[in-house]
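Some notes on the structure that comes next.
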């Protein structure tokens, strides 16, 4: 179903010559951890993943929720096209329903990208993916790729990071927490540099909308359209 979509990692087959069946996928590499892509590449990658998640939410009679949107499940092919993978935790919402309940124990290893109220309620809907995508956007621009120290107390890591980003945005200090490599790769031209700063600000603001900081949470289709609009500023 999704394997033919350009923004999903294509499944080629299954090898049975091992103790357990092994899935064979097209060759692609995980997003780089030690070599931060430039701003244009990051926005393109985010847009393509948003398109993939939008497809899951809208292309089938039953809405599919990925539930594991994080850097380790994002790949880039030789052309720089982003591919979403990792469907082990995905669930579908029954027709006529707006959510499904899932035992939080089954996602214990990926809680850093899941909304805290889901962890306590087990309720999964489209917003579960939107929230995770917002956390992903923040981590891509901050440059941590999910490799941040786990916070202490009741709040999850993404809640901790989300609150920290909100604080810096509200204080007008958002550029103090952005990935230094992204800032270093910005244009030397003052006018272009200012445009890039506005694009980064727009992506951060979008990430806060996704995590519910600025009113109603948008649909993934709306998120993809907004990222496309921001990407066009790069041309």
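In full-length UniProt numbering, the protein residues as written are 1 to 235. Ideal Cβ positions, reconstructed from N, Cα and C, are used throughout, including at glycine.
Taking 7 Å as the threshold (beta carbon to beta carbon), is residue 206 in contact with chain C?
Absent here is chain C; the protein component of the structure consists of one chain.
Can you give, in chain order, each stretch of the beta strand (DSSP E) that sits fully within the stretch 51 to 87 and has at least 3 residues?
Runs of the beta strand (DSSP E) inside the stretch 51 to 87: 74 to 76, 82 to 84.
Check residue 171 in the structure and name its three-state DSSP category.
Indexing the chain shown from 1 puts residue 171 at position 171. Looking at residue 171 - three-state DSSP - the assignment turns out to be coil, as it is neither helix nor strand.
Among 196, 200, 207, 6, which one has its Cα closest to the Cα of residue 55?
Position 55 of the chain shown holds residue 55. Checking every option, the nearest Cα to that of residue 55 belongs to 6.
Measure how close the beta-carbons of residue 12 and residue 24 come, nearest whole angstrom, since I'm counting them as under 8 Å.
By one-based count along the chain shown, residue 12 stands at place 12. By one-based count along the chain shown, residue 24 stands at place 24. Contact flag correct, Cβ pair sits at about 5 Å.
Determine the extent of the beta strand (DSSP E) in which residue 13 is found, giving its start and end residues.
Stepping through the chain shown from its first residue, residue 13 is reached at position 13. Where residue 13 is concerned, the enclosing beta strand (DSSP E) stretches over 11 to 15.
On the DSSP bridge list, what partners appear for residue 101?
Indexing the chain shown from 1 puts residue 101 at position 101. Bridge partners of residue 101: 123.
Just confirm the distance between the C-beta atoms of residue 83 and residue 231, as a whole number of angstroms; I'd bet it's less than 8 Å.
Indexing the chain shown from 1 puts residue 83 at position 83. Indexing the chain shown from 1 puts residue 231 at position 231. Rounded, the Cβ-Cβ distance is 18 Å, inconsistent with contact.
With three or more beta-carbon pairs closer than 8 Å as the criterion, would you say the stretch 175 to 193 touches the stretch 206 to 224?
The stretch 175 to 193 vs the stretch 206 to 224: no contact.
Can you name, in chain order, every residue of its own chain whose Cβ lies under 7 Å from the Cβ of residue 169, other than the five neighbours on each side?
Here residue 169 refers to the residue found at position 169 of the chain shown. 204, 208.
Could you pull the DSSP bridge partners for residue 25 from this structure?
Here residue 25 refers to the residue found at position 25 when the chain shown is read from its first residue. Paired residue(s): 11.
Going by other Cβ atoms of all chains shown within 10 Å of its Cβ, with 16 needed for buried, is residue 171 buried or exposed?
As a working note, residue 171 is residue 171 in the chain shown. Residue 171 is exposed by the Cβ-count criterion.
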